[in-house]
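Chains as they are written, first to last, in my numbering: chain A, 84 to 529; chain B, 84 to 529. Glycine included, every Cβ here is placed at the ideal spot set by N, Cα and C. Since this is a predicted model, take the numbers as computed values, not measurements.
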C-alpha cells in the first residue's frame, strides 16, 4: 500500500533555475526538448507516462493502429535529457505568490512555471452524456471505444430482438470537427470492407453512422470549400450527416437530438467540444472561455514567471482575434519559441514575441480522401491531399520506430483494407451498468 | 441493456453434421482450419474474440510487443471460412446424452463436440495468491503485468520510505518453466539496458529478480543439460534462482516461501502451474489430474462423438505414459489430425490413430541466449538456439502482418535494446485495494 506520508516528489535540490512544466503534450514536450539541462533543471508532470500523437488517436479507436504506434513514454523520449525529471503525478494547484505548485504528494518551488495542460472533453454540464458517451481524448478512451464497437457487433450477432440489434448497429458521432469526420470516415470503411466479412450473420446495410454537428457545416474550423467537399465525400460513403443539430441528451440507450429526433444507440462518440484543463490557483481575471490569457511572450497576464502554451493558452492577435486554432502546430511552435525566450530571460536579453506560422490544416476522411487548407487560400482535395496528410503526419509522429510501424501499417492497410487490431482485450466500457460490461460479466468471465 | 431472453446463439439450421469446437487455441484453430465447410457446419466458441500466440505472451508483459503482434481475431482468421460460425460466449456445460452444449444464452445440439479449452492458472487453492499475484495466461494478464511493472517503478521514484521502495523494486517469479524463465530473462535485460536510463533517480542495483522453482532445476520439462545451462545463463544475468522452493503465500505485500524466507514485493508473477479448463458435464471417470482422458483418436473415454485435443486432453502412450507435453505442437498436430478423422467418420472410413511428432522444445532466456532439446538428444545452446527460436516462433505466428511486425520489432530491438511499449495505459491492476490502483486513483485521475 501507498500512504501519502511515504511519498515525496524526490526532486533533487539545484542552483539552476527550475522550470516546472505541467503537461507533456505537443507544447510541453517541444519546450522540454529545446531547453538546455545545463541552464535549467527541468521538471515535467503528467498524469500519463507517455506523449501521444493525438491526431492519429481515431486510428487506435478504429483498430487501425495499436497505442504504441502513436505514443512514446516520456522516459524514453528524454532518457538522455540532462537534469530532466518526469513525475507521474496530478497537480492540484499553483500558488503564484509563494511560487509553488502543489500535488497530493507534496509541494515544489518553481522559478518558471509553464502550464501546458491542453484541453479535456467538454460535456457542457450534461452528467448523463458524460457518464454514457465515449470521448476520444486519451488512449484509454480509444481502447474503450474500440472494444465497445466490436463488443457491440459480437452482441448484435447474438440478439434476437430486432430493435435492440439495431441499437447495437447504430453509431452516433457528436461533433464534426477533424476527430468526428476522420472517425466517421474510418467507420464507413470498416463497414464497407471489414465488417461484412467478419460478421456474416449481420446485415451491415442496417449499420447507420450518424455525424451530428451543431454548426451549419462539417469541419467548421476549415474553409467552406473543404467543409462542403468533405460532406459530399462522407455522404457518398453513406454517412448520415446532420448539420445545425446537437446531441442534447443520452442515457446509454437513446440519443436525443436538438431536433427532437431520437436515435437508439449503444455507442455515442463524443467529439463535440473541449475545454481548457485549468489548474486551481490561476486567478479568474487571467481566464477567458476556459483558457488562460497570455501575451505575445506566452506570459500569463499579471502572473510573473508563469507561462501558458498550446491549447490551454489564449493568445489574441490582430490576425487571430479569438486566439490561435486549437491544433498541434501552435503548441509545437510555442513550445520551441518559449524555450528560446527562457534562455533569453536567463541571459537578461529581451524576449521575442511569438508569431504563429500557419502551415495549414489537413483532415483525412478515408482511403484516398482528405482535405487541406494551405496558406494563401490554397485548398487540397482527394488523393493528393490524402498523400500529403499521410506524410505530414508520419513525419511528425514521434520516434523512429513509431514512424516505421505506422507507415508499414498504412501501406499494408492501403492494399489489403485490413484492420488487424480488432481485439476486444477487455471490457473497456466505462460503466458497470453498460450493456458491454454486463455482457462480458455474464457471458465471458470465469 | 441486454437481457438473456433477448439473446439467441443464432446458429443457422443445417443438414450437414455440426462440429462444435469449444476453445480457439492452437488445437481448436488448427482443427477448424482443416475442416471443410462443405462437409460440416463449424461452430467455434471462445471467451476471447482472438487467437493468440501464447509462447510470445511474455513479450507483451515486458513491453517488447503490443498485443496485436501476437494475436489475431477469429473473425479475421476465418473470414472466408464456409459455414463457419464464431460466438463470443462462455460454455456452461455439456450434456452427452442429449448431445447439447449449454451456454447462458441458450443450448446448441452437436453432432461432434471437440473440447479444446486448454488450461488455466492453477493457484493450488490459495485464494490470497489468486487475488494478489499476476498470472500470465491471457492478453489482459500481460497488459496487467506490464502496467504493474512500470507503475511500480513510477511509484518507487516517488517513495521516501526505503523498505517500501525496495518492495517496489523486487519482482518474484513463481515457477521456472518456459514462461518464468523467459520472463526472468526479459526483465534482466530491461534492468540492464532500459530502466537505468528511464528512471535515473532509482538504483537498479537494488532491483532483485527472484525465480522460484519447486523442482530441483529450471525448465524441469526440458533436458538436464538445457536446465543447467539456462540456470547459469540466468544467474550470470543476476537473477536469483531458488530451486526446490515454492511460493506458499502472498498478501500483496510479502511473498512467503516454503523455506520460510519472506520477500517483500509488490509484484508476484504466477507461472507456477496450470490446470485443465474443464467443462461441467464431463463425467469424473473421464478425468485424470484435471485433464480429459482420450484414446489414440482423441475420443473421450465412453463419450460418443466427443473429442478433446491439446492441453486439456490426456493422451497416454508407451512413449508418453504421463501424456503429451503441454506445449503448442501436440495441440497443433492433434487439431489437424482430428480434422482428418472427422472427414473419415463422415465417409465411414476407419479412424487413424494420432502419433505425436516431437519437433523439439525451445526456450529463450534473453538476447543471444536460448536452449533447445531436439529429437535425438540433440541440444542447442546460446546464439544459434536463439536464432532458431526466433525463426521458429515467427514462422508459427499467425498472420502475415503479425510476422512482419514481430520481426521488425525484433530486428529493431536487437540493435537498439529498446522496448518501446512501456505505456501505462491504465491501472490494469486486478484489485481495487492494490497499491497501483490506489496510486492511480489518488494521484492521477481527474
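Looking at C-alpha atoms only, which residue of 307/B, 374/B, 186/B, 453/B is the closest neighbour of residue 241/A?
Of the listed residues, the one whose Cα sits closest to residue 241/A is 186/B.
Give the residues of chain B in contact with residue 154/A, contact being defined as C-beta atoms less than 8 Å apart.
Within chain B, the residues 506 have their CB atoms less than 8 Å from the CB of residue 154/A, given in chain order.
Does any residue of chain B have a CB that is nearer than 8 Å to the CB of residue 172/A?
At least one CB atom of chain B sits nearer than 8 Å to the CB of residue 172/A.
DSSP beta-bridge partners of residue 43/A
Chain A is shown from 84 up to 529; residue 43/A falls before or after that span and cannot be answered.
Around the C-beta of residue 115/A, are 16 or more other C-beta atoms found within 10 angstroms, so that it is buried, or is it exposed?
Buried, since its Cβ has 16 or more Cβ neighbours within 10 Å.
8 Å CB neighbourhood of residue 266/A in its chain, flanking five on each side removed:
Apart from the 5 residues on each side of it in sequence, residue 266/A sits with its Cβ closer than 8 Å to the Cβ of 141, 144, 145, 219, 256, 352, 354 in its chain, given in chain order.
Which residues, in order along the segment 132-143 of chain A, keep a beta-carbon less than 8 Å from a beta-carbon of chain B?
Residues 132, 133.
What is the DSSP secondary structure of residue 189/A, counted as helix, strand or coil?
Of the three classes helix, strand and coil, the one that applies to residue 189/A here is coil, per DSSP.
How about residue 459/A and residue 468/A: do their beta carbons lie closer than 8 Å?
Not in contact: residue 459/A and residue 468/A (Cβ atoms no closer than 8 Å).
Beta-ladder partner(s) of residue 127/A, from DSSP:
According to DSSP, residue 127/A shares a beta bridge with 104/A, 169/A.
Does any C-beta atom of chain A lie closer than 8 Å to the C-beta of residue 281/B?
For residue 281/B, the answer is yes, since a Cβ of chain A falls inside 8 Å of its Cβ.
With a Cβ-Cβ cutoff of 8 Å, do residue 375/A and residue 397/A count as a contact?
Yes, they are a contact pair.
Going by beta-carbon coordinates alone, are residue 105/B and residue 188/B separated by less than 8 Å?
Not a contact, by the Cβ cut-off of 8 Å.
What residues match up with residue 253/A in a beta bridge as DSSP calls it?
Residue pairing for residue 253/A: DSSP places it in a beta bridge opposite 291/A.
Measuring only the C-alpha atoms, how far is residue 139/A from residue 370/A?
The straight-line gap from Cα to Cα measures roughly 30 Å.
According to the neighbour-count rule (16 or more other Cβ atoms, all chains shown, within 10 Å of its Cβ), is residue 301/B buried or exposed?
Around the beta-carbon of residue 301/B, 16 or more other beta-carbon atoms lie within 10 Å, marking it buried.
Quick one: is residue 337/B buried, meaning 16 or more other Cβ sit within 10 Å of its Cβ, or exposed?
Answer is exposed; the Cβ neighbour count stays below 16.
Considering only the alpha carbon of each residue, which of 447/A, 412/A, 433/A lies closest to residue 439/A?
Relative to residue 439/A, the option among 447/A, 412/A, 433/A whose CA is nearest is 412/A.
Residues from the segment 233-265 of chain A in contact with chain B, defined by Cβ distance under 7 Å:
Taking 7 Å as the Cβ-Cβ cut-off against chain B, the residues of the segment 233-265 of chain A that qualify are 233, 237, 238, 240, 241, 242, 243, 244, 247.
Same chain only: Cβ atoms within 7 Å of residue 466/B, ignoring 5 sequence neighbours per side
Once the five neighbours on either side are set aside, the close Cβ partners of residue 466/B are 451.
Rounded Cβ spacing between residue 379/B and residue 433/B (contact assumed at less than 8 Å):
Your pair residue 379/B and residue 433/B does not check out as a contact, with CB atoms roughly 12 Å apart and the cut at 8 Å.
In chain order, what residues of the same chain have a beta carbon less than 8 Å from the beta carbon of residue 84/A, not counting five sequence neighbours either side?
A caution first: residue 84/A carries a pLDDT of 41, below 50, which makes its placement in the model too unreliable to give a value.
If distances are taken between C-alpha atoms only, which option among 476/B, 424/B, 364/B comes closest to residue 444/B?
Of 476/B, 424/B, 364/B, the residue nearest in Cα terms is 476/B.
So who's on the other strand from residue 462/A, going by DSSP bridges?
DSSP, once it has assigned bridges, lists 456/A as partnering residue 462/A.
Whole angstroms are fine: how far does the CA of residue 179/B sit from the CA of residue 303/B?
Cα to Cα, the separation comes out at about 37 Å.
Residues in its own chain within less than 7 Å of residue 306/B by CB, not counting five upstream and five downstream?
456, 462, listed in sequence order.
What are the start and end residues of the beta strand (DSSP E) that includes residue 156/B?
Boundaries of the beta strand (DSSP E) harbouring residue 156/B: 154-156, taken from the DSSP string.
Pick from 453/A, 422/A, 373/A: whose alpha carbon is nearest that of residue 200/A?
Nearest neighbour of residue 200/A by Cα position, chosen from 453/A, 422/A, 373/A, turns out to be 373/A.
Bridge partners - residue 203/B, DSSP secondary structure assignment
For residue 203/B, which the question treats as bridged, DSSP gives the partners 358/B.
DSSP three-state assignment for residue 509/A, whether helix, strand or coil
Any reading at residue 509/A must be qualified, since the residue scores a pLDDT of 49, below 50, and its modelled position is unreliable; the value itself is stated next. The answer is coil: DSSP assigns residue 509/A none of H, G, I, E or B.
Span separating the alpha-carbon of residue 136/B from that of residue 117/B
Each residue's Cα considered, the two are about 19 Å apart.
Is it buried or exposed for residue 316/A, if we count other Cβ within 10 angstroms and need 16 for buried?
Classification for residue 316/A: buried.
Pull up the distance between the alpha-carbon of residue 86/A and that of residue 254/B, whole angstroms please.
Only weak support exists for where residue 86/A lies, its pLDDT of 45 falling under 50; the value from the coordinates is given anyway. Straight-line Cα distance between these residues: approximately 21 Å.
Determine the extent of the alpha helix (DSSP H) in which residue 312/A is found, giving its start and end residues.
It spans 307-319 - the alpha helix (DSSP H) in which residue 312/A sits, taken as one unbroken run.
When the Cα of residue 198/B is compared with those of 399/B, 447/B, 359/B, 505/B, which residue comes out closest?
Residue 198/B has its Cα closest to that of 359/B, out of 399/B, 447/B, 359/B, 505/B.
Where does residue 174/A fall in DSSP's three states?
Reduced to three states, the DSSP call for residue 174/A is strand.
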